[in-house]
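Residue numbers (my numbering), protein chains in the order written: chain P, 1 to 495; chain R, 496 to 759.
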Amino acid sequence: MIWALCIGVLVSASTPYIEIQLDSLYVGSVNTFNGEVPLNARRVDINNDGFTDLLFPDRVLFQQNGHYVQGEFVQLPNVELSPAVDVFESTVYFRLPKHLRAYRYEEDTWNLVLDVEVEWPESLDTSDSVMARPSVFERFLHDVNSDGVPEVVIPLQDGLHVYGMDADKYIAYPVLDIFPKTKLIPLEDVLPVSNIERGVSYPDQHLVFHCAIEDESVILLTKQSLQDSTVEYVEYRYRLSLVEGRYEATLENEPAIVGPFPAFVQPCRLNPDTQIDFAGGTLDYTSSLALLTPVYSTHVQTMPERGVQLYRTKSFVPHVQFCDVNQDGYSDLMLERTDITHGGLRETLNRFTTQRKFKHHINVHFQESDGRFSKEADVSLEKTIRLDQTPIRLSEMFERYQAGKLVSFTGDFNGDGMNDCVVQTTPDSLSVIYLDSRGDTVESTLIVPIGAHETFHVLDLNGDSFSDLVFQGIAEHEGESTPSTRVLLFQKVGG
Amino acid sequence: MIRRILNAYSIELASAFRMKSTYLGPVLMVIIILLTPFAYPIQEDADSDYDFLAYVLPLAINVFGLFMVLIYSATLISTDLHNGSIRMTLTQPLRRREYWAAKFLHGISYVMALNLVALGTAFGLVKLLGDLSGVYFADELLYSDREMIQLLLTTIGLTLLPQFAVVSYALFFSTATRNPTTAIVLSVGGWLGLEAMKFPLQISEYIYSSYAEAPWTVFSDRCSAFTESSFYPQAYYGVGVSMIYMLVFASVSLFILSRRNLVV
Numbered sequence: 001m002i003w004a005l006c007i008g009v010l011v012s013a014s015t016p017y018i019e020i021q022l023d024s025l026y027v028g029s030v031n032t033f034n035g036e037v038p039l040n041a042r043r044v045d046i047n048n049d050g051f052t053d054l055l056f057p058d059r060v061l062f063q064q065n066g067h068y069v070q071g072e073f074v075q076l077p078n079v080e081l082s083p084a085v086d087v088f089e090s091t092v093y094f095r096l097p098k099h100l101r102a103y104r105y106e107e108d109t110w111n112l113v114l115d116v117e118v119e120w121p122e123s124l125d126t127s128d129s130v131m132a133r134p135s136v137f138e139r140f141l142h143d144v145n146s147d148g149v150p151e152v153v154i155p156l157q158d159g160l161h162v163y164g165m166d167a168d169k170y171i172a173y174p175v176l177d178i179f180p181k182t183k184l185i186p187l188e189d190v191l192p193v194s195n196i197e198r199g200v201s202y203p204d205q206h207l208v209f210h211c212a213i214e215d216e217s218v219i220l221l222t223k224q225s226l227q228d229s230t231v232e233y234v235e236y237r238y239r240l241s242l243v244e245g246r247y248e249a250t251l252e253n254e255p256a257i258v259g260p261f262p263a264f265v266q267p268c269r270l271n272p273d274t275q276i277d278f279a280g281g282t283l284d285y286t287s288s289l290a291l292l293t294p295v296y297s298t299h300v301q302t303m304p305e306r307g308v309q310l311y312r313t314k315s316f317v318p319h320v321q322f323c324d325v326n327q328d329g330y331s332d333l334m335l336e337r338t339d340i341t342h343g344g345l346r347e348t349l350n351r352f353t354t355q356r357k358f359k360h361h362i363n364v365h366f367q368e369s370d371g372r373f374s375k376e377a378d379v380s381l382e383k384t385i386r387l388d389q390t391p392i393r394l395s396e397m398f399e400r401y402q403a404g405k406l407v408s409f410t411g412d413f414n415g416d417g418m419n420d421c422v423v424q425t426t427p428d429s430l431s432v433i434y435l436d437s438r439g440d441t442v443e444s445t446l447i448v449p450i451g452a453h454e455t456f457h458v459l460d461l462n463g464d465s466f467s468d469l470v471f472q473g474i475a476e477h478e479g480e481s482t483p484s485t486r487v488l489l490f491q492k493v494g495g
Numbered sequence: 496m497i498r499r500i501l502n503a504y505s506i507e508l509a510s511a512f513r514m515k516s517t518y519l520g521p522v523l524m525v526i527i528i529l530l531t532p533f534a535y536p537i538q539e540d541a542d543s544d545y546d547f548l549a550y551v552l553p554l555a556i557n558v559f560g561l562f563m564v565l566i567y568s569a570t571l572i573s574t575d576l577h578n579g580s581i582r583m584t585l586t587q588p589l590r591r592r593e594y595w596a597a598k599f600l601h602g603i604s605y606v607m608a609l610n611l612v613a614l615g616t617a618f619g620l621v622k623l624l625g626d627l628s629g630v631y632f633a634d635e636l637l638y639s640d641r642e643m644i645q646l647l648l649t650t651i652g653l654t655l656l657p658q659f660a661v662v663s664y665a666l667f668f669s670t671a672t673r674n675p676t677t678a679i680v681l682s683v684g685g686w687l688g689l690e691a692m693k694f695p696l697q698i699s700e701y702i703y704s705s706y707a708e709a710p711w712t713v714f715s716d717r718c719s720a721f722t723e724s725s726f727y728p729q730a731y732y733g734v735g736v737s738m739i740y741m742l743v744f745a746s747v748s749l750f751i752l753s754r755r756n757l758v759v
């Protein structure tokens with residue numbers, strides 16, 4: 001008994017993580033441009049104790065001793081009123097049909113710090129059907145003028161609605177009519193060639209634009225389809241400023257046309273500069289030699305004057321296309337490569353029907369300070385993945401391999417400033433490959449068990465600078481209980 | 496000795512030219528290549544059709560051709576053993592190992608013939624229906640026609656040794672059995688069995704047939720404008736493994752042939 005206890009203590013001391021169950025947590029698909037994973041909870045310090053808590057739309061789970069205890073939730077007030085919830089500097093705001101309320105959690109209780117009547121825009125849907133829904137997160141708070149008091153910004157069809165604090169009241173400023181207007185475009189200008197080939201005779205009737213609010217700047221990007229199936233963006237930059245008691249949007253410079261790009265390229269942020277970057281990737285299959293060799297092409301433009309950089313690799317969809325691996329603030333390019341189609345037709349067919357082990361390569365091209373990605377890989381890893389069945393059986397694990405779900409380079413598990421790599425190397429285990437600050441693999445590799453129907457996600461849940469692993473199970477059969485979520489909270493070894 | 500081997504080899508070739516079955520493999524190969532454009536269309540356009548060569552040549556040489564070489568080589572000695580003509584052949588001033596060497600050269604010639612037929616037919620087809628204009632990527636010429644043709648010849652050259660190892664392997668079964676059908680079944684069956692087991696047993700690196708297709712990956716990559724792939728070090732392994740297999744099968748075959756009672 002004493003021996004068992006000693007061994008247990010030794011084992012727990014050697015593992016750099018603690019495992020907790022957190023079934024309320026749900027993780028969505030990873031953002032392929034920055035490696036962030038969306039959660040159904042926000043990570044904020046609600047009780048101002050210096051530790052990150054988990055704020056759900058209807059309750060909050062406080063961090064206790066570096067982890068979370070399932071079941072010890074604290075309910076949010078006003079949940080029965082189906083509010084839209086947002087948070088600003090530890091204060092939780094509730095946008096109710098006729099009110100804006102804010103609460104702060106102090107001394108184990110929710111204290112009302114703001115309750116004002118606000119006349120929301122008529123076009124904002126506050127009907128009974130919407131009000132019957134559960135409370136949801138919505139990003140409506142922005143500190144536009146950087147005064148420490150958030151403004152409420154609501155983009156609607158007629159423009160940008162801004163509400164600001166004025167004498168203890170939130171007042172509505174005149175609507176900023178800055179959004180592009182829909183208009184009928186001549187048929188021959190917009191009808192893509194691909195539509196003609198497919199016999200589709202009507203043009204696209206919708207208007208696509210992106211709106212980004214960054215401090216006092218509003219950036220609008222309208223997307224226009226060109227005849228050769230490419231797209232171009234028109235960039236408008238507005239500066240919001242309070243002039244004589246009302247917000248005005250001033251166009252900072254002439255609208256700039258960016259592109260053309262392939263249709264899959266999207267606007268994004270890949271470095272700290274003020275320019276919008278454009279990137280995207282597409283999966284094609286080449287049929288020369290082997291049966292349908294997957295080729296993933298990544299197009300990226302970080303500096304318009306330098307044009308588009310193009311990278312291609314023999315790979316299925318990667319886990320993420322960009323990720324700040326060396327944590328320098330510049331997203332790095334991730335290129336994966338599979339050996340699954342190495343060889344010719346006969347070898348590939350043979351491999352698909354008889355082989356379960358494949359080599360997988362992960363290459364990272366760092367982004368330089370001038371926005372260029374290095375031509376040669378700065379970090380290269382090779383790992384062997386053993387599938388549960390041969391590829392021809394199209395097992396769940398192979399499908400996840402094709403979807404880029406078996407490899408992640410988005411987490412730093414030892415907090416050394418260089419991301420580490422997680423690879424599901426077998427059906428029941430993950431390998432955490434630690435990298436040193438130069439990007440070389442260190443000898444120790446951590447093996448972590450994973451369930452048969454679990455998927456893993458990498459994120460820093462408790463905000464301690466050590467990335468954590470979230471395992472999400474799926475119900476094996478219809479009608480079974482809700483999926484389970486367990487979390488491995490990585491921490492400093494010995495701490 | 497070399498003169499005797501060459502004499503026996505020339506007699507072998509003359510006899511092979513007279514047999515209709517010799518032409519079966521090349522004719523079927525031509526038909527397969529001529530039918531391939533229905534599955535993998537080629538046409539005169541802005542795109543170069545080297546990818547068609549990368550598609551059709553491994554298919555013709557390494558899938559269909561390999562079977563033909565196995566079947567053809569497996570019958571080379573077993574037929575002589577079966578009908579007793581080996582006794583007549585060996586009444587001439589020819590040692591048994593020289594007889595085996597002539598048969599091996601015969602098999603190698605068949606491999607060369609199949610490769611040349613495949614290459615000539617595929618190349619002619621592309622010249623006729625498609626076009627060869629180098630490999631471009633993003634409007635930049637990555638590989639000129641000359642470079643691609645050199646690469647193609649290097650690729651075929653590197654696949655020859657593994658194919659010669661196939662001849663040596665099939666001759667082993669041809670020497671070990673008197674019945675040509677049994678020799679064919681054993682060599683094809685053994686090869687299929689080995690192919691099926693090499694990945695589960697993780698021995699693919701030690702099997703010569705794995706290296707017959709590896710060079711085509713490089714050619715295909717270049718056709719698809721992937722510049723980083725290289726023949727090396729796989730080419731070295733391919734040469735080494737194929738040579739070892741050739742020597743092993745040749746030694747065992749010669750041992751069996753030297754001990755075999757040709758009368759019974």
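All residues carry an ideal CB built from backbone N, CA and C; glycine is no exception.
Computed from a prediction, not measured in an experiment: that's the story for all the values here.
Contact list for Asn350(P) against chain R, beta-carbon separation under 7 angstroms:
Glu690 and Phe694
Let me confirm a value: Glu117(P) is counted as buried when at least 16 other C-beta atoms fall within 10 Å, else exposed. Which label applies?
exposed
Give me the chain R residues within the contact set of His342(P), using Cβ-Cβ distance strictly less than 7 angstroms, ordered along the chain.
Thr712
So, does the CB of Gly495(P) fall closer than 8 angstroms to a CB anywhere in chain R?
Residue confidence for Gly495(P) is low, a pLDDT of 48 falling below 50, so the modelled location carries little weight; the figure read from the coordinates is stated next. Output row for Gly495(P): interface = no.
Using 8 angstroms as the threshold, is the C-beta distance between Leu220(P) and Ile154(P) below it?
In this structure, Ile154(P) does not lie closer than 8 angstroms to Leu220(P) by Cβ.
Any C-beta of chain P within less than 8 angstroms: which residues of the region 533 to 554 of chain R qualify?
Tyr535, Asp546, Phe547, Ala549, Tyr550, Pro553 and Leu554
Name, going along the chain, the residues of the region 316 to 348 of chain P whose beta-carbon falls closer than 9 angstroms to a beta-carbon of chain R.
Thr341, His342, Gly343, Gly344, Leu345, Arg346, Glu347 and Thr348
Cα-Cα separation between Tyr518(R) and Trp686(R), rounded to whole angstroms:
23 angstroms
If I follow the unbroken alpha helix (DSSP H) through Ile527(R), where does it start and stop?
Leu519 to Ala534
Just to confirm, are Ala459(P) and Ile20(P) a CB contact at a threshold of 8 angstroms?
Ala is not the amino acid found at residue 459(P); the sequence shown has Leu there. No.
What residues from the region 38 to 64 of chain P come within 9 angstroms of chain R, judged by C-beta to C-beta, listed N to C?
Answer set for the region 38 to 64 of chain P: empty.
Along chain P, in chain order, which residues have C-beta atoms closer than 8 angstroms to that of Val743(R)?
Within chain P, no residue comes near Val743(R); the closest Cβ sits about 22 angstroms away, beyond 8 angstroms.
Between Arg754(R), Leu656(R) and Tyr664(R), which lies nearest to Ser737(R) when the distance is taken from Cα to Cα?
Leu656(R)
Go to Pro294(P), then tell me how far its beta strand (DSSP E) extends in each direction, as first and last residue.
Thr293 to Gln301
Do you know offhand how far Ala102(P)'s Cα is from Tyr93(P)'s?
4 angstroms
Mind reading off the beta-carbon distance from Pro553(R) to Leu335(P)? Whole number of angstroms is fine, and I expect it under 8 angstroms.
At roughly 26 angstroms, the Cβ-Cβ gap does not stay under 8 angstroms, so Pro553(R) and Leu335(P) are not in contact.
Just checking my contact of Arg717(R) with Tyr638(R) at CB under 8 angstroms: how many whole Å lie between their CB atoms?
6 angstroms
Can you confirm whether Gln355(P), when its beta carbon is compared against all beta carbons of chain R, has any partner nearer than 8 angstroms?
yes
Going along the chain, which residues of its own chain have a beta-carbon closer than 6 angstroms to the beta-carbon of Cys6(P), five neighbours each way excluded?
Per-residue confidence for Cys6(P) stands at a pLDDT of 44, beneath the threshold of 50, marking its modelled position as unreliable; the derived number appears in the next sentence. When the five nearest sequence neighbours on each side are left out, no beta carbon in the same chain lies closer than 6 angstroms to the beta carbon of Cys6(P).
What are the residues of the region 718 to 748 of chain R that lie near chain P, defined by any Cβ-Cβ distance shorter than 8 angstroms?
Cys718, Ser719, Ala720 and Phe721
Report the three-state DSSP secondary structure of Leu742(R) (helix, strand or coil).
helix
Looking at the strands, I want to know which residues DSSP matches up with Val27(P).
Leu39(P)
Partner residues on chain R for Arg312(P), Cβ-Cβ distance less than 9 angstroms
Phe632, Ser719, Ala720 and Phe721
Please go through the region 440 to 490 of chain P and give each complete beta strand (DSSP E) segment of 3 or more residues, from N-terminal end onward.
441 to 449, 454 to 459, 468 to 473 and 485 to 490
On the criterion of 16 or more Cβ atoms from any shown chain inside 10 Å, does Met583(R) qualify as buried, or is it exposed?
With fewer than 16 other Cβ atoms within 10 Å, it is exposed.
Going by CA-CA distance only, name the one from Glu248(P), Val234(P), Ser82(P) and Lys181(P) that's closest to Tyr163(P).
For Tyr163(P), the nearest C-alpha among the options comes from Glu248(P).
Using a Cβ-Cβ distance under 8 angstroms, would Trp705(R) count as near chain P?
Residue 705(R) is actually Ser in this sequence, not Trp. Yes, because at least one Cβ of chain P sits closer than 8 angstroms to the Cβ of Ser705(R).
Would Val522(R) count as contacting chain P if we go by Cβ distances under 8 angstroms?
no
Does DSSP put Asn363(P) in a helix, in a strand, or in coil?
Strand, per DSSP.
Let me see if you follow: with CB-CB separation under 8 angstroms, is Glu708(R) close to chain P or not?
Yes, Glu708(R) counts as interfacial toward chain P.
Bridge-paired residues (DSSP) for Lys98(P):
Bridge partners of Lys98(P): none, in fact.
For Met418(P) and Leu446(P), which I take to be in contact (beta-carbon distance under 8 angstroms), what is that distance rounded to the nearest angstrom?
Here Met418(P) is actually not in contact with Leu446(P); their C-beta atoms are around 15 angstroms apart, not less than 8 angstroms.
If we cut at 8 angstroms on Cβ distances, does Val558(R) have a partner in chain P?
yes
Run of the beta strand (DSSP E) containing Asn111(P), from where it starts to where it stops:
Residues Thr109 to Glu117.
Name the two residues that bound the continuous alpha helix (DSSP H) containing Tyr545(R).
Tyr545 to Pro553
At 3 residues or longer, and completely inside the region 299 to 341 of chain P: list those beta strand (DSSP E) runs for me, N to C.
309 to 313 and 332 to 338
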